[in-house]
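A.B. asks: Sharing a structure, written as structure tokens. Questions coming.
Protein chains: 2
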Amino acid sequence: MIDMDKFPVTDGGICAAKGFRASGYYCGIKAFMQTGADGNESPVPGKKNDIALVVADVVCNTAGVYTSNKVKGAPVVVTRDNLAVNGGRAKAVIVNSGNANTCNGDGEEKARAMCGMVAEKLGITPDMVIVASTGVIGQVLPLEPIQKAIDPLYDALSYTGNVEAATAIMTTDTVKKEYAVKFTVGGKECTLGGMAKGSGMIHPNMATTLNFISTDCAVSSEMLQKALSQVVKITYNCLSVDGDQSTNDTCMLMSSGLAGNAEITSEGADFDAFKAALTQVMANLTRMLAKDGEGATKLVTCVCTGAPDLDTAIIIAKSVIRSPLVKCAMYGADANCGRIMCAMGYADTDCDVTEADVYYISKAGRILVCEKGLGLKFDEDLAKSILEEDEIEIFVDLHRGSADATAWGCDLTYDYVKINGDYRS
Amino acid sequence: MIDMDKFPVTDGGICAAKGFRASGYYCGIKAFMQTGADGNESPVPGKKNDIALVVADVVCNTAGVYTSNKVKGAPVVVTRDNLAVNGGRAKAVIVNSGNANTCNGDGEEKARAMCGMVAEKLGITPDMVIVASTGVIGQVLPLEPIQKAIDPLYDALSYTGNVEAATAIMTTDTVKKEYAVKFTVGGKECTLGGMAKGSGMIHPNMATTLNFISTDCAVSSEMLQKALSQVVKITYNCLSVDGDQSTNDTCMLMSSGLAGNAEITSEGADFDAFKAALTQVMANLTRMLAKDGEGATKLVTCVCTGAPDLDTAIIIAKSVIRSPLVKCAMYGADANCGRIMCAMGYADTDCDVTEADVYYISKAGRILVCEKGLGLKFDEDLAKSILEEDEIEIFVDLHRGSADATAWGCDLTYDYVKINGDYRS
Numbered sequence: 011m012i013d014m015d016k017f018p019v020t021d022g023g024i025c026a027a028k029g030f031r032a033s034g035y036y037c038g039i040k041a042f043m044q045t046g047a048d049g050n051e052s053p054v055p056g057k058k059n060d061i062a063l064v065v066a067d068v069v070c071n072t073a074g075v076y077t078s079n080k081v082k083g084a085p086v087v088v089t090r091d092n093l094a095v096n097g098g099r100a101k102a103v104i105v106n107s108g109n110a111n112t113c114n115g116d117g118e119e120k121a122r123a124m125c126g127m128v129a130e131k132l133g134i135t136p137d138m139v140i141v142a143s144t145g146v147i148g149q150v151l152p153l154e155p156i157q158k159a160i161d162p163l164y165d166a167l168s169y170t171g172n173v174e175a176a177t178a179i180m181t182t183d184t185v186k187k188e189y190a191v192k193f194t195v196g197g198k199e200c201t202l203g204g205m206a207k208g209s210g211m212i213h214p215n216m217a218t219t220l221n222f223i224s225t226d227c228a229v230s231s232e233m234l235q236k237a238l239s240q241v242v243k244i245t246y247n248c249l250s251v252d253g254d255q256s257t258n259d260t261c262m263l264m265s266s267g268l269a270g271n272a273e274i275t276s277e278g279a280d281f282d283a284f285k286a287a288l289t290q291v292m293a294n295l296t297r298m299l300a301k302d303g304e305g306a307t308k309l310v311t312c313v314c315t316g317a318p319d320l321d322t323a324i325i326i327a328k329s330v331i332r333s334p335l336v337k338c339a340m341y342g343a344d345a346n347c348g349r350i351m352c353a354m355g356y357a358d359t360d361c362d363v364t365e366a367d368v369y370y371i372s373k374a375g376r377i378l379v380c381e382k383g384l385g386l387k388f389d390e391d392l393a394k395s396i397l398e399e400d401e402i403e404i405f406v407d408l409h410r411g412s413a414d415a416t417a418w419g420c421d422l423t424y425d426y427v428k429i430n431g432d433y434r435s
Numbered sequence: 011m012i013d014m015d016k017f018p019v020t021d022g023g024i025c026a027a028k029g030f031r032a033s034g035y036y037c038g039i040k041a042f043m044q045t046g047a048d049g050n051e052s053p054v055p056g057k058k059n060d061i062a063l064v065v066a067d068v069v070c071n072t073a074g075v076y077t078s079n080k081v082k083g084a085p086v087v088v089t090r091d092n093l094a095v096n097g098g099r100a101k102a103v104i105v106n107s108g109n110a111n112t113c114n115g116d117g118e119e120k121a122r123a124m125c126g127m128v129a130e131k132l133g134i135t136p137d138m139v140i141v142a143s144t145g146v147i148g149q150v151l152p153l154e155p156i157q158k159a160i161d162p163l164y165d166a167l168s169y170t171g172n173v174e175a176a177t178a179i180m181t182t183d184t185v186k187k188e189y190a191v192k193f194t195v196g197g198k199e200c201t202l203g204g205m206a207k208g209s210g211m212i213h214p215n216m217a218t219t220l221n222f223i224s225t226d227c228a229v230s231s232e233m234l235q236k237a238l239s240q241v242v243k244i245t246y247n248c249l250s251v252d253g254d255q256s257t258n259d260t261c262m263l264m265s266s267g268l269a270g271n272a273e274i275t276s277e278g279a280d281f282d283a284f285k286a287a288l289t290q291v292m293a294n295l296t297r298m299l300a301k302d303g304e305g306a307t308k309l310v311t312c313v314c315t316g317a318p319d320l321d322t323a324i325i326i327a328k329s330v331i332r333s334p335l336v337k338c339a340m341y342g343a344d345a346n347c348g349r350i351m352c353a354m355g356y357a358d359t360d361c362d363v364t365e366a367d368v369y370y371i372s373k374a375g376r377i378l379v380c381e382k383g384l385g386l387k388f389d390e391d392l393a394k395s396i397l398e399e400d401e402i403e404i405f406v407d408l409h410r411g412s413a414d415a416t417a418w419g420c421d422l423t424y425d426y427v428k429i430n431g432d433y434r435s
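These protein sequence lines map, in sequence, to chains F and H.
Per my numbering, the first sequence starts with residue 11, numbered consecutively.
Per my numbering, the second sequence starts with residue 11, numbered consecutively.
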């Protein structure tokens, strides 16, 4: 099981680690797209930020995990190229919301231009800039408001700018997502923290949503990538809000190395400590993303235990969390065990699930509704009270081995339909 | 493309072909489960039928396709066994709604008992009876009301009993589904027709929902199975209401042979004619199932053309139809092309979809919203009027070959959530 509380939590999000400044700004990308304005308007005060800048004090070892959707956002292509060109390093991140810069013809050119603007301001090469975009797909991204935002973003950079940045990357998110921990490597106190966005179009397969994580723990690019890939598999890739996998999913991990520890260049105790910290941060961000799923009233997690191996546990837990019928039952506080069995049964694995036990667990208690694959008569009042809580765990024991995994999701509600029935407006 | 109107349509559903009688009856399975009554109550007049019987005048060559869910309903197991035992023959069908007889421990025993009751009444062996159940999973099926129903079902058998039977198999369906055609094989007029049920928990993978089809065209069991498997692939398996795949999906095809044609025992012109009739019936039943999807206000079909092969066309069309975000956009009449591109991009195929054209088509017109993978500026008013119709086609051309496929689905609405938030009550 993932330890969600191993290390002490700290404030600061993407700025928690030493050596990272951030800022956010409202430049009016959506307004510009709608009015076709010429870029001369002043930003509207009080509007939600729509562009963020993160700048590291030093060049950072950097790792990334990206969407596996064949229709890839232009920023994904450009960021991946940049890291390949410079051997896994970066010094800055520029992110906008309001337009995904995808399926629009000139996306790569525009994404490279965004890197160029930041590079020019900072006096670095464009390949040192990570670029990401989120929002509507299939529309041309206007560069005018972004160009205008570079100076104010730069001027606002601050070691406490994390909230401004975390707010800027939100789309249909109702709350910002930040999380950071302190841990020790080689006798040095290290910090690792990050920010995430994502609410709909979230399905596990190679990172999900936009995620930016920074640390001052010194780690080589290679080991950063190893840790990130392993942890993504059991955290972000176990998240599903609606089964749709975004074109722009990006998860970046940057290390400033300013904690002063000897650089982690191989597996061992230091690497394990680093990975545990990364796991705690990413699992908690994943949990926040699930809880803020579009229209969600409940966080629903599925813990699959007794699996023959990790992959099987993940596949089955995800199949349960993804099922629209399970999601509706959780919304309606209906302790339907058939839908859980059904979703396990069509999961894409050969594992025999026909003898599973199924429990519902929440603050209000714990109830066994299915034993060895057979539905039980149970206390409906207790079941209802358990499912009326806003955080519910579906606990499944397959009795087929000792591996386990957790998947995070949410209920399916009227509001999901409402939000997505007219997202563009 | 599938010809949905090739042959003339006729009335009669499952009784349209020569040699099939049917009946339906309300025996109170759900009421019995809720009150734990002792089976002595009289059936309630005016309640929807919950049990159906179909009896053929002669032993029929029979083929079946069943769910691929690893958690299989007991009736699926028993029916498959029966056909295996007797070499693909059957004389009767017994089906109940209100309880899926799945995940309850004694399901197989109960399903065999249902076959036994019918067999005893008809003076045949139990393996000549097809059994199916639909409804809640994980609850014990009471046999008392079913036993009481056998006599009235038998007494009511009629060559015009198709509507009584089609009504009995409905669960959350709002309309009964029947369809039949007349066609010619070897100079003889043949008829093929059927009934289907299914509204939620519908996802393509080996038949979907409950489907019973009868014909008087003489066809060997082997060729029946061949035709059924081929046609299921491009019809029922291209249907998705919610992405959940039922434990009880069953599609049965019975041939009485009473049309008088020489039995079809190999491929050729006769087999092709038979398959075309079967395709028309199953495609139209599929369309009805999609249109009556739980909470649906719109039938949404995706036609994928320009694919390198049939499998690719099917996978991509189904991915689009299954996407919750596409379904919400259709509900909201939002001509969002990004969600279509996104859903094609994460479809489980290697095919390059990045240069696809995407059109929306309805009675109100036709509009190109994405060309060679790039979102277009389009007439929003026209797009809105097209998407406000109750039957919408998403037409996609991949420009990668000449294969095509159609997938059928519906929009995702508040009512889907409402229906499934408390299905058991």
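The beta carbon of each residue, even a glycine, is placed where N, CA and C say it ideally should be.
Bear in mind the structure is a predicted one, so any value in this text is a computation, not a measurement.
Could you work out which residues of chain H lie near K80 of chain F, taking near to mean beta carbons separated by less than 9 Å?
C.D. replies: Result: M354, G355, Y356, A357, T359, D360, C361, D362, V363 and T364.
A.B. asks: Look up L153 of chain H in the DSSP assignment and say whether it is helix, strand or coil.
C.D. replies: Three-state DSSP puts L153 of chain H in coil, outside helix and strand.
A.B. asks: In the DSSP assignment, find the unbroken alpha helix (DSSP H) run with N258 of chain F in it and report its ends.
C.D. replies: Run containing N258 of chain F: none; DSSP gives neither H nor E here.
A.B. asks: The alpha helix (DSSP H) with V146 of chain F in it runs from where to where?
C.D. replies: No alpha helix (DSSP H) contains V146 of chain F, which DSSP labels as neither H nor E.
A.B. asks: Distance check for M340 of chain H and K308 of chain H, CA to CA, integer angstroms please.
C.D. replies: Whole-angstrom Cα-Cα distance: 8 Å.
A.B. asks: Would you kindly work out how many angstroms separate the C-alpha atoms of G49 of chain H and G74 of chain H, rounded to a whole number?
C.D. replies: Reliability of the predicted coordinates at G49 of chain H is poor, the pLDDT of 47 falling under 50, and no value is obtained from them.
A.B. asks: Mind the definition here: the segment 410-418 of chain F touches the segment 314-330 of chain H only if three or more C-beta pairs lie below 8 Å; say whether that holds.
C.D. replies: Taking 8 Å as the limit for Cβ pairs, the verdict is that the segment 314-330 of chain H does not touch the segment 410-418 of chain F.
A.B. asks: Step through the CB atoms of chain F and report whether any lies within less than 9 Å of the CB of Q255 of chain H.
C.D. replies: Chain F contact via Cβ: present.
A.B. asks: Below 8 Å between beta carbons is the criterion; list the residues of the segment 107-131 of chain F that meet it against any residue of chain H, in chain order.
C.D. replies: Answer in chain order: A110, T112, C113, N114 and G115.
A.B. asks: Grouping DSSP H, G and I as helix and E and B as strand, with all else coil, what is Y246 of chain F?
C.D. replies: In the structure shown, Y246 of chain F sits in a helix (DSSP, three-state: H, G or I).
A.B. asks: If the criterion is Cβ atoms closer than 9 Å, does the pair A176 of chain F and I61 of chain F meet it?
C.D. replies: No; because the gap between Cβ atoms is not below 9 Å, this pair is not in contact.
A.B. asks: Note down, one range per segment and in chain order, each alpha helix (DSSP H) of at least 4 residues found wholly within the segment 106-143 of chain F.
C.D. replies: DSSP runs (the alpha helix (DSSP H)) wholly in the segment 106-143 of chain F: 117-132.
A.B. asks: If you draw a straight line from the alpha carbon of F436 of chain F to that of A66 of chain F, how long is it in whole angstroms?
C.D. replies: Nothing in the structure corresponds to residue 436 of chain F, since chain F is present only between 11 and 435.
A.B. asks: Please name the residues in the segment 140-160 of chain H whose beta-carbon is closer than 7 Å to at least one beta-carbon of chain F, in chain order.
C.D. replies: Those would be V146, I147, G148 and Q149, in chain order.
A.B. asks: If we call anything under 9 Å between Cβ atoms a contact, is D91 of chain H one with D137 of chain H?
C.D. replies: Contact flag set, yes.
A.B. asks: Report the start-end ranges of each alpha helix (DSSP H) in the segment 260-338 of chain F that is 4 residues or longer and not cut off at the edges.
C.D. replies: Segments of the alpha helix (DSSP H) lying fully in the segment 260-338 of chain F: 279-301 and 320-332.
A.B. asks: Would you say A339 of chain F faces chain H, with C-beta separation under 9 Å as the test?
C.D. replies: Yes - at least one Cβ of chain H is within 9 Å of the one on A339 of chain F.
A.B. asks: Report the residues of the segment 402-429 of chain F with a CB closer than 7 Å to any CB of chain H, ordered along the chain.
C.D. replies: Per Cβ criterion, the list reads L422, T423, Y424 and V427.
A.B. asks: For S333 of chain F, which residues in the same chain have their Cβ closer than 7 Å to its Cβ, ignoring the five residues on either side in sequence?
C.D. replies: Here the set comprises R349 and A353.
A.B. asks: Would you mind telling me which residues of chain F sit closer than 8 Å to G46 of chain H, beta carbon to beta carbon, in chain order?
C.D. replies: What G46 of chain H touches in chain F: nothing, since even the nearest Cβ is about 11 Å away.
A.B. asks: Does DSSP put T177 of chain H in a helix, in a strand, or in coil?
C.D. replies: T177 of chain H: helix per DSSP, three-state reduction.
A.B. asks: Give me the residue from H:G197, H:Q157, H:S143 and H:L151 with the minimum Cα distance to A178 of chain H.
C.D. replies: That would be H:S143, whose Cα lies nearest to the Cα of A178 of chain H.
A.B. asks: Does any C-beta atom of chain H lie closer than 9 Å to the C-beta of P318 of chain F?
C.D. replies: Judged by the 9 Å Cβ criterion, P318 of chain F is not in contact with chain H.
A.B. asks: Identify every residue that forms a DSSP beta bridge with D407 of chain H.
C.D. replies: Bridge partners of D407 of chain H: H:T315 and H:D367.
A.B. asks: Determine the direct distance from the alpha carbon of G204 of chain F to that of S224 of chain F, and round the result to whole angstroms.
C.D. replies: Looking at the two C-alpha atoms, the distance is approximately 6 Å.
A.B. asks: Alpha carbon to alpha carbon, how far is I377 of chain H from L384 of chain H?
C.D. replies: One C-alpha to the other measures close to 14 Å.
A.B. asks: Please name the residue in F:C70, F:G171, F:G267 and F:T112 whose C-alpha comes closest to that of V150 of chain F.
C.D. replies: Ranking F:C70, F:G171, F:G267 and F:T112 by Cα distance to V150 of chain F puts F:T112 first.
A.B. asks: In whole angstroms, give me the CA-to-CA distance for P155 of chain F and Y369 of chain H.
C.D. replies: Whole-angstrom Cα-Cα distance: 31 Å.
A.B. asks: With 16 other CB atoms within 10 Å as the buried threshold, where does V291 of chain F fall?
C.D. replies: V291 of chain F should be labelled buried.
A.B. asks: Between the alpha carbons of H213 of chain H and G375 of chain H, how many angstroms are there, rounded?
C.D. replies: Low per-residue confidence applies at H213 of chain H: pLDDT is 48, beneath 50, and the placement is therefore not dependable enough to give any value.
A.B. asks: Who are the Cβ neighbours of L220 of chain F in its own chain at under 6 Å, not counting the five residues just before and after it?
C.D. replies: Contacts found: A142, T144, I179, K207 and T260.
A.B. asks: Just to confirm the assignment, what range does the beta strand (DSSP E) spanning C25 of chain H have?
C.D. replies: No beta strand (DSSP E) holds C25 of chain H; DSSP gives it neither H nor E.
A.B. asks: With 9 Å set as the bound, which would you pick, yes or no: does the beta-carbon of R90 of chain H sit closer than that to a beta-carbon of chain F?
C.D. replies: Not one chain F Cβ lies under 9 Å of R90 of chain H.
A.B. asks: Is the shortest distance between the beta-carbon of C248 of chain H and the beta-carbons of chain F less than 9 Å?
C.D. replies: Output row for C248 of chain H: interface = no.
A.B. asks: Starting from E398 of chain F, follow the alpha helix (DSSP H) in both directions and report where the run begins and ends.
C.D. replies: From DSSP, E398 of chain F is part of no alpha helix (DSSP H); its letter is neither H nor E.
A.B. asks: Is the separation between the beta-carbon of T257 of chain F and that of V103 of chain F shorter than 9 Å?
C.D. replies: It is not a contact, given that the beta carbons lie outside the stated cut-off.
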